[in-house]
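Have a look at the structure below, then the notes.
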Amino acid sequence: MNETIKLYDQDAYATEFTARVISCVKVDAGVEVILNQTLFFPEEGGQSADQGTINGVEVLDVQINKGVITHLIKENIEEGTVVTGVINWKHRFSNMQNHTGEHILSGLIHKKFGFDNVGFHLSDQIVTMDMNGYVDDEQLRLIEEEANEAVYANLPVEAVYVDHDAAKTMKYRSKIDIPGDVRIVTVPGYDICACCAPHVARTGEIGLIKILRSDKYKGGIRLTILCGSRALEEVSMKQNQIMALSKMLSANPEKLTEAVTGLQDEIFRLKGVISSIEEKQIDAKAEDIPEGQPYITIFEPELSSNVHRYYVNKLIQKCSGICGVFVGNDEDGYRYIIGSSSIDVREINNIFREKLGAKGGGKPEMVQGSLCGTKTEINSIIIRMVGYDKKRD
Ligand SMILES: [Zn+2]
Numbered sequence: 001m002n003e004t005i006k007l008y009d010q011d012a013y014a015t016e017f018t019a020r021v022i023s024c025v026k027v028d029a030g031v032e033v034i035l036n037q038t039l040f041f042p043e044e045g046g047q048s049a050d051q052g053t054i055n056g057v058e059v060l061d062v063q064i065n066k067g068v069i070t071h072l073i074k075e076n077i078e079e080g081t082v083v084t085g086v087i088n089w090k091h092r093f094s095n096m097q098n099h100t101g102e103h104i105l106s107g108l109i110h111k112k113f114g115f116d117n118v119g120f121h122l123s124d125q126i127v128t129m130d131m132n133g134y135v136d137d138e139q140l141r142l143i144e145e146e147a148n149e150a151v152y153a154n155l156p157v158e159a160v161y162v163d164h165d166a167a168k169t170m171k172y173r174s175k176i177d178i179p180g181d182v183r184i185v186t187v188p189g190y191d192i193c194a195c196c197a198p199h200v201a202r203t204g205e206i207g208l209i210k211i212l213r214s215d216k217y218k219g220g221i222r223l224t225i226l227c228g229s230r231a232l233e234e235v236s237m238k239q240n241q242i243m244a245l246s247k248m249l250s251a252n253p254e255k256l257t258e259a260v261t262g263l264q265d266e267i268f269r270l271k272g273v274i275s276s277i278e279e280k281q282i283d284a285k286a287e288d289i290p291e292g293q294p295y296i297t298i299f300e301p302e303l304s305s306n307v308h309r310y311y312v313n314k315l316i317q318k319c320s321g322i323c324g325v326f327v328g329n330d331e332d333g334y335r336y337i338i339g340s341s342s343i344d345v346r347e348i349n350n351i352f353r354e355k356l357g358a359k360g361g362g363k364p365e366m367v368q369g370s371l372c373g374t375k376t377e378i379n380s381i382i383i384r385m386v387g388y389d390k391k392r393d
């Protein structure tokens, strides 16, 4: 079968086209339509496929295999029919903005540090680029600044097919030896790269290049970026969040971290206050329990996690067998810590796991975890254990 004519190569800005149906084959997900020519860019080179319609029917997927492009739709079309295709321009243009922005960033990092882009993903949710070397945050800030200068300069972006032999002698990124002509995309002064995707005609159309985050990845870094309208959407979302926080904390946006640090300090202080009150209450309750109890179970609706263990340690002193403190209720389940000065409590943890779906573990003298069960079930298991369990060495 002849390769599909790629109309998007000739004009990245065209949105409507007519074409002849070469074949239409039924598959599980619908029908796969092959046209003599198309504006639909397929899923290729890490970029998601174009969206749109063919004769008004939504195109669900576009794939390419050996130069032949297949469109997945839900309705059958007769072979030989002339159809009209329309691509979703907003989606395509956003991909063009992000892809050209990525080239500028990759080109700059390559030029300054010699690293290569070894993974590019341009989906509808996220745009990431993986560089095979480490660049720190300050260096990335400078790269981002310089990349946006390329935007302000509104440079022409050129995409041309270069003869296979001529390409061999050229220097450009993503150089691999494949048969046929090579499509070279150039952002003058910033990047030269082999690429099959549609790009903006001038860098000014990118609008904004923003690096959102950088993560260490496979010995290099993974950058999450956004350009153009998607960068604006991201900034607007974050702006709304910041303004809401600013209102909640009665702090100017530039003082937000300071305000949150203040809150954290206050929470830390209050936790200390609560703990000391709870500890005093626990001391009083433990005081009332006579020495030498065979088992003690305490059920509390709420208890700070830092005094939970304190409570159990107090009870161990009053108890010859097993003691446990259970925080929660019969409906939602309990967080528990169980201790003993004589019995291996890991055994009881196993029974909890088996009978009450408990998750947790610990040492012979103390275990902790969470379970789903009632007060009655918990008590009956513990009473039985105290009766039968062997003493620990
Ligand atoms: Zn590219």
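Under the numbering used here, residues 1 to 393 are what the sequence shown spells out, in order.
Glycine included, C-beta positions come from ideal geometry on N, C-alpha and C.
Note that the structure is a prediction, hence the values are computed from the model and not measured.
Proximal residues to I351 (C-beta, below 8 Å), its chain only, five neighbours per side dropped: By one-based count along the sequence shown, residue 351 stands at place 351. These residues qualify, in order along the chain: I381, M385.
Through-space distance from L140 to G133, alpha-carbon basis: Residue 133 sits at position 133 when you count from the first residue of the sequence shown. Residue 140 sits at position 140 when you count from the first residue of the sequence shown. CA-CA distance, G133 to L140, rounds to 12 Å.
CA nearest to the CA of P294, picked from E146, S174, S340: Residue mapping note: residue 294 aligns to position 294 of the sequence shown, counting from 1. The option with the nearest alpha carbon to P294 is S340.
Where K318 falls: helix, strand or coil (DSSP): Taking the first residue of the sequence shown as 1, we reach residue 318 at position 318. Three-state result, K318: coil.
Check whether M170 and V162 have beta carbons under 8 Å apart: For this step, residue 170 is matched to residue 170 along the sequence shown. For this step, residue 162 is matched to residue 162 along the sequence shown. Cβ distance < 8 Å, so M170 and V162 count as in contact.
F17 versus T70 - alpha carbon distance: The residue given as residue 17 occupies position 17 in the sequence shown. The residue given as residue 70 occupies position 70 in the sequence shown. Going from the Cα of F17 to the Cα of T70 covers about 16 Å.
Spatial neighbours of R173 in its chain, beta-carbon cut-off 8 Å, leaving aside the 5 residues before and after: If you number the sequence shown from 1, residue 173 lands on position 173. Result list for R173: S106, G107, H110, D116, N117, D191, I192, C193, A194, in chain order.
Element boundaries [alpha helix (DSSP H), containing M1]: The sequence position of residue 1 within the sequence shown is 1, counting from 1. The continuous stretches of alpha helix (DSSP H) do not include M1, and DSSP gives it neither H nor E.
N- and C-terminal bounds of the beta strand (DSSP E) containing Y217: Position 217 of the sequence shown, counted from the first residue, corresponds to residue 217. Following the DSSP letters along the chain, one finds Y217 inside the beta strand (DSSP E) bounded by residues 209 to 217.
Chain B within 8 Å of S123, Cβ atoms only: Of the protein chains in the structure, only one exists, and it is not chain B.
Boundaries of the alpha helix (DSSP H) in which H99 is found, first to last residue: Your numbering for residue 99 matches position 99 in the sequence shown. Where H99 is concerned, the enclosing alpha helix (DSSP H) stretches over 89 to 113.
DSSP three-state assignment for Q125, whether helix, strand or coil: Locating residue 125 in the sequence shown gives position 125, where the first residue counts as 1. Coil, per DSSP.
Inter-residue CB distance, F41 and A197 (contact presumed, cutoff 8 Å): Stepping through the sequence shown from its first residue, residue 41 is reached at position 41. Stepping through the sequence shown from its first residue, residue 197 is reached at position 197. Sure, about 6 Å apart at Cβ, within 8 Å.
Backbone secondary structure at F41 - three-state DSSP: One-based indexing of the sequence shown puts residue 41 at position 41. In the structure shown, F41 sits in coil (DSSP, three-state: anything other than H, G, I, E or B).
Heavy atom of ligand 1 within 7 Å of H99 beta-carbon: Taking the first residue of the sequence shown as position 1, residue 99 is located at position 99. Closer than 7 Å to some heavy atom of ligand 1: that describes the Cβ of H99.
Member of N154, A159, D181 whose CA lies at the smallest distance from the CA of A167: As a first step, residue 167 is located in the sequence shown; it is residue number 167 there, counting from the start. Of N154, A159, D181, the residue nearest in Cα terms is D181.
First and last residue of the uninterrupted alpha helix (DSSP H) at A159: As a working note, residue 159 is residue 159 in the sequence shown. Here A159 belongs to no alpha helix (DSSP H); instead the beta strand (DSSP E) covers 158 to 162.
Beta-carbon spacing of K318, E279 below 8 Å: Taking the sequence shown and counting its residues from 1, the one referred to as residue 318 is at position 318. Taking the sequence shown and counting its residues from 1, the one referred to as residue 279 is at position 279. Result no, Cβ atoms of K318 and E279 do not sit closer than 8 Å.
Cβ-based burial, G228 [other Cβ within 10 Å; buried from 16]: For the purposes of this step, residue 228 is identified with residue 228 of the sequence shown, where counting begins at 1. So G228 counts as buried.
D191 in three-state terms, based on DSSP: Residue 191 sits at position 191 when you count from the first residue of the sequence shown. Collapsing the DSSP output to three states places D191 in a strand.
Three-state secondary structure assigned by DSSP to Y172: Indexing the sequence shown from 1 puts residue 172 at position 172. In the structure shown, Y172 sits in coil (DSSP, three-state: anything other than H, G, I, E or B).
Collapsed DSSP secondary structure at T70 in the structure displayed: Counted from its first residue, the sequence shown places residue 70 at position 70. It is a strand residue.
Beta-carbon gap between G360 and I343 smaller than 8 Å: What you label residue 360 is simply residue 360 of the sequence shown in a count that begins at 1. What you label residue 343 is simply residue 343 of the sequence shown in a count that begins at 1. No.
Exposed unless 16 or more other CB atoms sit within 10 angstroms - verdict on V62: For the purposes of this step, residue 62 is identified with residue 62 of the sequence shown, where counting begins at 1. Burial call: buried.
D11 - DSSP class collapsed to helix/strand/coil: Locating residue 11 in the sequence shown gives position 11, counting from the first residue. Here D11 sits in coil by DSSP.
At least 3 beta-carbon pairs within less than 8 Å: the region 43 to 51 vs the region 9 to 27: Three or more Cβ pairs closer than 8 Å define a contact, and the region 43 to 51 falls short of that threshold against the region 9 to 27.
C-alpha distance - S250 paired with A150, whole-angstrom precision: Stepping through the sequence shown from its first residue, residue 250 is reached at position 250. Stepping through the sequence shown from its first residue, residue 150 is reached at position 150. Rounded to whole angstroms, S250 to A150 spans 39 Å at the Cα level.
CB of V31 within 8 Å of CB of N76, strictly: As a first step, residue 31 is located in the sequence shown; it is residue number 31 there, counting from the start. As a first step, residue 76 is located in the sequence shown; it is residue number 76 there, counting from the start. It is a contact, given that the beta carbons lie within the stated cut-off.
Short Cβ contact (8 Å threshold) for V187 with H103: For this step, residue 187 is matched to residue 187 along the sequence shown. For this step, residue 103 is matched to residue 103 along the sequence shown. Going by C-beta atoms, V187 is nearer than 8 Å to H103.
Identity of the residue in V82, I337, V59, I209 nearest K74 by Cα: In the sequence shown, the residue the question calls residue 74 occupies position 74. Ranked by Cα distance from K74, the first of V82, I337, V59, I209 is V59.
D50 - containing beta strand (DSSP E), residue span: By one-based count along the sequence shown, residue 50 stands at place 50. No beta strand (DSSP E) contains D50, which DSSP labels as neither H nor E.
Residue environment, D130, which counts as buried when at least 16 other CB atoms sit within 10 Å: Along the sequence shown, read from residue 1 onward, the residue named residue 130 stands at position 130. Buried, because 16 or more other Cβ atoms sit within 10 Å of the Cβ of D130.
For T224 and Q97, the rounded distance between their alpha carbons: Numbered from its first residue, the sequence shown carries residue 97 at position 97. Numbered from its first residue, the sequence shown carries residue 224 at position 224. One C-alpha to the other measures close to 15 Å.
Residue range of the unbroken alpha helix (DSSP H) whose run includes T257: For the purposes of this step, residue 257 is identified with residue 257 of the sequence shown, where counting begins at 1. Per DSSP, T257 belongs to the alpha helix (DSSP H) from 256 to 288.
Distance between R183 and Q37 (C-alpha atoms, nearest Å): Within the sequence shown, residue 37 is the residue found at index 37, counting from 1. Within the sequence shown, residue 183 is the residue found at index 183, counting from 1. Approximately 18 Å between the Cα atoms of the pair.
Same chain only: Cβ atoms within 8 Å of V307, ignoring 5 sequence neighbours per side: The residue you call residue 307 lines up with position 307 of the sequence shown. Excluding sequence positions up to five before and after V307, its CB lies within less than 8 Å of the CB of S275, E278, E279, I282, all in the same chain and listed in chain order.
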